[in-house]
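Counting in the numbering used here, the sequence shown runs from 64 upward without gaps.
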Amino acid sequence: MNFSDFIKRLGADPWNRDPETLRARHSSPEFEQAAQDAEAFERKLQDALEVPADPALKDELMRMVDSTPPRRAAPRWLALAATVVLMAGAASIYWLQIRQPEDIRDYVAQHLAHDGASLLSRATGQANLDEVQSVLARFGVGASPQLAERIQVVKLCPTPDGGGVHMALATADGAVHLIYMPETQVTDGAAFQVDGMLTRLLELKQGSAAIVGTDKQIKGLGPLVRDAIQPLQSRT
Numbered sequence: 064m065n066f067s068d069f070i071k072r073l074g075a076d077p078w079n080r081d082p083e084t085l086r087a088r089h090s091s092p093e094f095e096q097a098a099q100d101a102e103a104f105e106r107k108l109q110d111a112l113e114v115p116a117d118p119a120l121k122d123e124l125m126r127m128v129d130s131t132p133p134r135r136a137a138p139r140w141l142a143l144a145a146t147v148v149l150m151a152g153a154a155s156i157y158w159l160q161i162r163q164p165e166d167i168r169d170y171v172a173q174h175l176a177h178d179g180a181s182l183l184s185r186a187t188g189q190a191n192l193d194e195v196q197s198v199l200a201r202f203g204v205g206a207s208p209q210l211a212e213r214i215q216v217v218k219l220c221p222t223p224d225g226g227g228v229h230m231a232l233a234t235a236d237g238a239v240h241l242i243y244m245p246e247t248q249v250t251d252g253a254a255f256q257v258d259g260m261l262t263r264l265l266e267l268k269q270g271s272a273a274i275v276g277t278d279k280q281i282k283g284l285g286p287l288v289r290d291a292i293q294p295l296q297s298r299t
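See the structure below:
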């Protein structure tokens, strides 16, 4: 396995431990360092999206929430929104246990801030089709050839409700981000801006997706993605 193929495999799954990957990893210091860097980056991303909650503050917040009409449960990654300094001390504050549209916006913004640029920098050619389908199959879905052949990078990633898949999708005007969120519900067709880029949310037969790019890049991609990502049992 050459270094380029090794990097692509790490991009799909930094924790890959299959024999071929391990042999490549142990073949030279350069490969070993690349693997360690990929793992360290994923740890940083997970740490940014999964902050532990303080039980005492959470209980106090839930007493406040109980006095309001019930709403949908918040994603696990929003256990802690921020730390603020008040007077001489510091206190942790939590977002209410509800899902609002801005929650998904914040998730997309944080996710892209951590690995958006690095993922698109690797979008230089078509990803291995078997690898694309293998990563998606972990979540019980597959991609049609029309979509799979346009995927340039595929990797596992955190989502608001567990694991998911982050992809770079080729368009005539450059690669865009496609994030598959297996357990996350969204408002189909909702759109918002993140750092000057347009994000469009799609409800799928299983889970949801977010497409991020310029308006010109993502125009018309919604129907393709919606039809292409299907439960495996629906494709047999």
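Think of the CB as a built atom: it goes at the ideal place given N, C-alpha and C, for glycine as much as any other residue.
Through-space distance from residue j to residue i, alpha-carbon basis
| i | j | result |
| --- | --- | --- |
| A136 | Q248 | For A136, the predicted model reports a pLDDT of 44, less than 50, meaning its position is unreliable; a value from the coordinates is still stated below. Their Cα atoms are separated by approximately 11 Å. |
| Y170 | M244 | 11 Å |
| V198 | Q189 | 15 Å |
| E83 | A231 | 25 Å |
| A206 | A98 | 28 Å |
| V204 | G259 | 31 Å |
| K279 | L295 | 31 Å |
| T250 | E266 | 7 Å |
| H237 | G283 | A quick correction: the sequence has Gly, not His, at residue 237. So the alpha carbons of these two residues sit roughly 14 Å apart. |
| A272 | I242 | 5 Å |
| H177 | A200 | 25 Å |
| R289 | R88 | 37 Å |
| P223 | F202 | 15 Å |
| E102 | F69 | 14 Å |
| L141 | H174 | In this prediction, L141 scores a pLDDT of 40, lower than 50, which makes its location untrustworthy; no coordinate-derived value is stated. |
| F104 | C220 | 11 Å |
| S191 | R106 | Inspection of the sequence shows that residue 191 is occupied by Asn rather than by Ser. In a straight line, the C-alpha of N191 is about 25 Å away from that of R106. |
| L182 | T262 | 17 Å |
Opening and closing residue of the beta strand (DSSP E) in which residue i lies
| i | result |
| --- | --- |
| P221 | I214 to T222 |
| Q293 | I292 to P294 |
| M230 | G225 to L232 |
Beta bridge counterpart(s) of residue i as assigned by DSSP
| i | result |
| --- | --- |
| F255 | T262 |
| G283 | G283 is not bridged to any residue. |
| P92 | P92 pairs with nothing; no bridge assigned. |
| A272 | Y243 and L265 |
Closest Cα partner of residue i within the set the options
| i | options | result |
| --- | --- | --- |
| L287 | E95, P208 and G179 | P208 |
| A235 | L175, I281 and S90 | I281 |
| L264 | H240, D258 and K279 | H240 |
| R168 | A253, G283 and N79 | A253 |
| A233 | P223, T277 and Q215 | Q215 |
| Q293 | Q196, L261 and D224 | Q196 |
| A302 | N79, E95, F255 and L85 | Given a span of 64 to 299 for the chain in the structure shown, any question on residue 302 remains unanswerable. |
| Q269 | L261, A186, A291 and D100 | A291 |
| E194 | F66, N65 and D76 | D76 |
| E246 | D81, A211 and G226 | G226 |
| N65 | D81, E93, N79 and R80 | E93 |
Residue span of the alpha helix (DSSP H) that contains residue i, given as start and end
| i | result |
| --- | --- |
| A200 | L192 to A200 |
| A211 | P208 to A211 |
The ligand NAD heavy atom lying under 7 Å from the CB of residue i
| i | result |
| --- | --- |
| D278 | No copy of the ligand NAD appears in this structure; indeed no ligand is present at all. |
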